[in-house]
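Visitor: Pasting a structure here, questions to come.
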Amino acid sequence: MTTEEKNDIRARSTSIDDVLHDLQEKVDVVAVDKKNVVIGDDGRLLINGIELTDIAHSQLTSIIKYPYSFCKKVEGVSLINDIKNYCIDRCETKEIKILNSMNEIYTVVDSKFPVVTQGQLLTQAKSVDAAIRVQFQDNDCINLVTQLASNPPRDVNDVSHGGMNVLFNSHGLSVSSFIYRLVCTNGMILPRNLSTKYLEGETDKELLDKFRSMIIDTIEITKNMFMPTFIKTSGIEIKDPAEFITNLGRAYKMPGGEIKKITDKIPSLPAPTTAYDIINLITQMGTEVFLDNHKKGLKLQAFGGYLSTSFNEKHCVKCGQLV
-10 MTTEEKNDIR ARSTSIDDVL HDLQEKVDVV AVDKKNVVIG DDGRLLINGI
40 ELTDIAHSQL TSIIKYPYSF CKKVEGVSLI NDIKNYCIDR CETKEIKILN
90 SMNEIYTVVD SKFPVVTQGQ LLTQAKSVDA AIRVQFQDND CINLVTQLAS
140 NPPRDVNDVS HGGMNVLFNS HGLSVSSFIY RLVCTNGMIL PRNLSTKYLE
190 GETDKELLDK FRSMIIDTIE ITKNMFMPTF IKTSGIEIKD PAEFITNLGR
240 AYKMPGGEIK KITDKIPSLP APTTAYDIIN LITQMGTEVF LDNHKKGLKL
290 QAFGGYLSTS FNEKHCVKCG QLV
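Dropping the structure here:
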């Protein structure tokens, strides 16, 4: 891939229309009974023989009050099945709505609550801005990118695009500000307390209308706060990157192994090293683990987002200690 292609967001993302064309999803209403909800491997629940994402599984266990953490340690399918049946007999919810994509269930809710599909969300995003593209999409997460772009003064070819992270979680759906750096395909999320909005509503239409508003608000936050503070870190020089990262990691209780993986990559950083470089080193690690472990990857990406907004206020630029 040429430098010109690397700096073209179209080469690093997919159009919403193309994603919609390939989506295979549907909404079903299923009775909560012993026939439909069955036991799979390691005590996990299945619905009509179909596997659930971790998030959907958490939603289902919450609905029927199934003690999964206990059952996955139990030996003997018969006992686990008895526990599951007991939970179903006592469950007040009689029907659930499930969202199924590519033969995997990614959302489970009580049938009295509204749900919206990924296709509906993407269509709504396109209605806000036809230029919005999809950087990543699976049954747990969607990253959307806009034409909003910026680069540090020292390198005009180091382009990042602003956008939003749409995350499906056990409580529903959330939207956060997102930055995508093209040269290394790193993603970064603004901390929840600064940007994240949770989708709530009593009807499908209300959910979609609120999602549209959330997109508009998130783009504004990314444009006016997140991207400017991120780019500004390129002017903050870090004298001792190893000491800085070590102290930073300890302050935020990062496992020693994760800190070492980051510090081992310090020789690859440019000199002089800036806070911008440190942030991208951390989010690079988040990107590397994201596909195998969304939760861990997003945590590191959010950590990078936090740092991009707090270097001037909360961290000593010499040693990384909280001040």
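In this text, residue positions in the sequence shown follow this note's numbering: the first is -10, and each later residue adds one.
For each residue, glycine too, the CB sits at the ideal point set by N, CA and C.
#1: Count the CB pairs spanning the segment 253 to 263 and the segment 293 to 300 that are closer than 8 Å, and state whether there are at least three.
#2: Find the nearest neighbour of Ile85 within the set Ala20, Ala138 and Met203, judged by alpha-carbon distance.
#3: DSSP state of Val123, grouped into three classes?
#4: What residue does the beta strand (DSSP E) around Asn146 start on, and which one ends it?
#5: So what does DSSP say about Ser2, is it helix, strand or coil?
#6: Since I believe Val148 is in contact with Leu171 (beta carbons under 8 Å), could you give me their beta-carbon distance rounded to a whole number of angstroms?
#7: Cys130 lies in the beta strand (DSSP E); which residues open and close that run?
#8: Going by DSSP, what residues sit across from Tyr187 in a beta bridge?
#9: Let me know if Met91 comes out buried or exposed under the rule of 16 or more other beta-carbons within 10 Å of its beta-carbon.
#10: Exposed or buried, what is Lys73 when buried is set at 16 or more other beta-carbons lying within 10 Å of its beta-carbon?
#11: Taking only three categories from DSSP, how would you classify Val8?
#12: Pick from His46, Asp229 and Pro142: whose alpha carbon is nearest that of Asp31?
#13: For my contact list, Ser139 and Ile220 are in at a C-beta cut-off of 8 Å; report their separation, rounded to the angstrom.
#14: If we ignore side chains and look at the alpha-carbon of each, how far apart do Leu49 and Leu196 end up?
#15: Is there contact here, the segment 54 to 73 with the segment 8 to 18, by at least three beta-carbon pairs under 8 Å?
#16: Measure the CB-CB distance between Ile268 and Ser297 and report whether it falls below 8 Å.
#17: Suppose you measure from the CA of Thr185 to the CA of Ile204; what does that come to, to the nearest Å?
#18: Put Val18 into one of helix, strand or coil per three-state DSSP.
#19: Within the same chain, show all residues whose beta-carbon is closer than 6 Å to that of Leu41, passing over the 5 residues directly before and after it, in chain order.
#20: Counting only the same chain and skipping the five closest in sequence on each side, list residues whose C-beta sits under 7 Å from that of Glu277.
Guide: Here's the rundown:
#1: No contact exists between the segment 253 to 263 and the segment 293 to 300.
#2: Ala20
#3: strand
#4: From DSSP, Asn146 is part of no beta strand (DSSP E); its letter is neither H nor E.
#5: coil
#6: 5 Å
#7: Cys130 to Ser139
#8: Ser163
#9: exposed
#10: By the Cβ neighbour-count rule, Lys73 is buried, with 16 or more other Cβ atoms within 10 Å of its own.
#11: helix
#12: His46
#13: The pair is a contact, with the Cβ atoms about 5 Å apart (cut-off 8 Å).
#14: 21 Å
#15: no
#16: yes
#17: 11 Å
#18: strand
#19: Ile94
#20: Excluding positions up to five away in sequence, the list is empty.
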